[in-house]
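Visitor: Numbering-wise (the numbering used here), the sequence shown opens with residue 28 and increments by one. Idealized CB from N, CA, C, for every residue including glycine.
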Amino acid sequence: MTNELFIIVAPPICAAIGYLGKYFVDRIEKAKEGRKTRKLKAIENKLKNFFYPFYSNLKRENLIFQRILLFFKENQNNTTTNEKNLYMKIFWGLDTEILNIHNENQELIKNNFVEMHFSNDVANLIMIYDEHVSIYRILRKVIPQSRDLDNVLWPEKMGSKYPDNLLNTIENEMIHLQNQQTFILQGNNFDYTYKHLKNYQYRKISHTSVQENNSKINHSKTIIDVEKKNERDKYTDNFNSIV
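1) So M154 and F77 are supposed to be a Cβ contact under 8 angstroms. How far apart are they, rounded?
2) Please classify I128 as buried or exposed, where buried requires at least 16 other C-beta atoms within 10 Å of its C-beta.
3) Inspect the beta-carbon positions of L74 and M201 and report whether they are closer than 8 angstroms.
4) Indicate whether T196 and L152 have their beta-carbon atoms separated by less than 8 angstroms.
5) Between N130, L193, I117 and N109, which has its C-alpha nearest V149's C-alpha?
6) Considering only the alpha carbon of each residue, which of Y114, V169 and T123 lies closest to R87?
7) For V169 and S146, what's the separation of their Cα atoms in angstroms?
8) State the DSSP-derived secondary structure class of F92, mapped to helix, strand or coil.
9) Find the nearest neighbour of E131 within the set K68, K188 and V160, judged by alpha-carbon distance.
10) Check each candidate in T107, D177, P80 and L67 and name the one with the smallest Cα separation from E134.
11) Taking only three categories from DSSP, how would you classify Y114?
12) Is DSSP giving S161 helix, strand or coil here?
13) Since K68 and I211 should fall inside the 8 angstroms C-beta cutoff, what is the C-beta to C-beta distance between them, to a whole number of angstroms?
14) Is the beta carbon of L121 closer than 8 angstroms to that of I91?
15) Have a look at W181, S83 and Q93 and flag the residue whose alpha-carbon is nearest the alpha-carbon of E198.
16) Exposed or buried, what is I95 when buried is set at 16 or more other beta-carbons lying within 10 Å of its beta-carbon?
17) Using DSSP with H/G/I as helix, E/B as strand and the rest coil, what is F77?
18) Of all the options H203, N206, T209 and Y189, which has the alpha carbon lying nearest to the alpha carbon of L272?
19) Kindly indicate which three-state DSSP category L180 falls into: helix, strand or coil?
20) Does the Cβ of P171 have 16 or more other Cβ atoms within 10 Å, making it buried, or fewer, making it exposed?
21) Cβ of M115 within 8 angstroms of Cβ of L180?
22) Tell whether a beta-carbon distance below 8 angstroms holds between Q213 and I70.
23) Please state the DSSP three-state secondary structure of S187.
24) Taking just the CA atoms, how far does V141 sit from L113?
25) For the candidate residues P39, E110 and W119, whose alpha-carbon lies nearest to that of R167?
26) What does the alpha-carbon distance come out to for the pair N139 and N178?
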């Protein structure tokens, strides 16, 4: 009798246990997938809404500033009125483009600063940059464009130096987020993890090369002032060491 009862009762009980087990496993997997989706969404938002456009603007800004330095040198080396007028127009055109980039970056900072949850170091660098570009904009607004480029004022004269390591820091943060994103997508796959680490090493090597190139870019008008005191035949060689 007992055996018959067990035979009758056991299958439904086992089925119920199996169903509950599958239910809880599915819930756990669904919760994991939800956390994964939220993490990926947060990383995607950081990259899309701030890091990609901000980094791109910083790269443009650095390249354009190199051109500004170049045309400043050309203005010093050219003596004809037409040449000076041409280089002056190009100089101020590039300077205006720098101001436009500054405005874009300040909008990105204003709209995303809280949501990005920056580390203290990154936040401090961004605030230094924000102060620098604000002073840059004010100087250009209150002081008219001068025909004499020697009299151009720069934020460093007001005690606000451009944060030279900002571009490298933003690039590091961006690479870190990209690595997090791809690692979450691939999970614990061993082959991918090995490839991921090799790719990270490659990015770091590439980044070191970028650092060396960017370290040559100087946003300080002081450098230009020093160069102007040298003899003209030495000016070009010294300037090339800057840019």
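Guide: By the coordinates alone:
1) Incorrect: roughly 15 angstroms between the Cβ atoms, too far for contact.
2) buried
3) yes
4) yes
5) L193
6) T123
7) 35 angstroms
8) helix
9) V160
10) P80
11) helix
12) helix
13) Actually they are not in contact, since the Cβ atoms of K68 and I211 sit about 11 angstroms apart, beyond 8 angstroms.
14) yes
15) S83
16) buried
17) helix
18) In the structure as shown, the chain begins at 28 and stops at 270. Residue 272 is therefore absent and cannot be evaluated.
19) coil
20) exposed
21) no
22) no
23) coil
24) 44 angstroms
25) W119
26) 36 angstroms
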